[in-house]
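Here the sequence shown is numbered in the UniProt record's numbering, starting from 1 and rising by one per residue. All C-beta atoms, glycine included, are put in the ideal place defined by N, C-alpha and C. In this text the structure is predicted, and so the values were computed from the model without any measurement.
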Amino acid sequence: MAIDLRLVLGFSALAFLSIYLPIINETILRSALGHAMVLFVPGYAFIAALFPNRKDLDGIERAALSFGLSIAVVPLIGLGLNFTPWGIRLDPIVVALAIFTLLCVLVANRRRHELPVEDRFNIDFGRAYADIKGELFPASESRLDRILTVILLISIVASILVLAYVFVVPKQGEKFTEFYILGPNGKAENYPTRFISGESKPVIVGIVNHEYRNVTYDLVVALNDSRQITRLYTQQVTIADNQTWERQIDIAPDRPGTSMKLEFLLYADGNMTAPYRDLHLWINVTG
1 MAIDLRLVLG FSALAFLSIY LPIINETILR SALGHAMVLF VPGYAFIAAL FPNRKDLDGI
61 ERAALSFGLS IAVVPLIGLG LNFTPWGIRL DPIVVALAIF TLLCVLVANR RRHELPVEDR
121 FNIDFGRAYA DIKGELFPAS ESRLDRILTV ILLISIVASI LVLAYVFVVP KQGEKFTEFY
181 ILGPNGKAEN YPTRFISGES KPVIVGIVNH EYRNVTYDLV VALNDSRQIT RLYTQQVTIA
241 DNQTWERQID IAPDRPGTSM KLEFLLYADG NMTAPYRDLH LWINVTG
């Protein structure tokens, strides 16, 4: 397997490890590798599969098309996942990108081996360095031109580093918590609203922390029929910044009634006087 395809697989593995390893996934490394994985790697693997011959495209064209195809392919993968039971979530997206990249690399490797060795695309780092050095610092260049070229290169590298820093470490935005409920199929539909006494039905509850700190939440599910309020479910959970907690909860109303309010109350930091976020469903329970 060519070195560029090995680098693609190796980089993909590092990107996925940065998402799931406990300590690394809280560092800037996760964001840096993740952005590169989304913006470049899938497109490069796809280009490698489409154009195995070194004469098909030069290096600059491959790099430019890799960015463009990644920006096009990744949203299409997300759109496809939206019509599956898994939905657009972190784990399904990671798995889908891994499968797509791996398949493209395997196809690219097979197609390259069907060509003569001299026609297969490969990256010769030694030759590339020599070509770049010859272009930037030709033998006939004067001392002043060399100094100006070095200054230009330093400016370009500094600009790229500043841009990368701003992109990877964005300014802290609004602090908020996402709180949502989904039907048993994982979508915002088919919520259970009709029960029979003694029957339980599932509801998926999700919390996403965007508070820029670890937060301890208290989740309370209560049944309110304007005369009586009873708690059906309680749970305390601590969620790290930018992390998602999602669980299926079985709801079992304790009494019959019509147009009763099934409340999903979320309290933060132990403050139980007023809910931080709240949702509700109107349900009917027959005896």
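query, result
"Nearest to F40 (by Cα), restricted to the options D145, L9, P52, V215", "L9"
"G206: first and last residue of the uninterrupted beta strand (DSSP E) it sits in", "201-210"
"Cross-strand partners of Y180 (DSSP beta bridge)", "G206"
"Close Cβ partners of I77 (< 6 Å) along its chain, the five nearest in sequence each way excluded", "A96"
"V74 classed as buried or exposed, judged by whether at least 16 other C-beta atoms fall within 10 angstroms", "buried"
"Delimiting residues of the alpha helix (DSSP H) encompassing E61", "59-82"
"Span of the alpha helix (DSSP H) around A48", "41-50"
"Beta-carbon spacing of P202, D269 below 8 Å", "no"
"Sufficient close CB pairs (3 or more, under 8 Å) joining the stretch 241-256 to the stretch 210-222", "yes"
"Terminal residues of the beta strand (DSSP E) in which I229 lies", "229-239"
"E263 in three-state terms, based on DSSP", "strand"
"Alpha carbon of Q235 to alpha carbon of N209, nearest angstrom", "16 Å"
"Beta strand (DSSP E) segment containing N109, residue limits", "Per DSSP, N109 belongs to no beta strand (DSSP E); it is in the alpha helix (DSSP H), 90-113."
"Top-ranked residue by Cα proximity to V205, from L266, G198, V162, S31", "L266"
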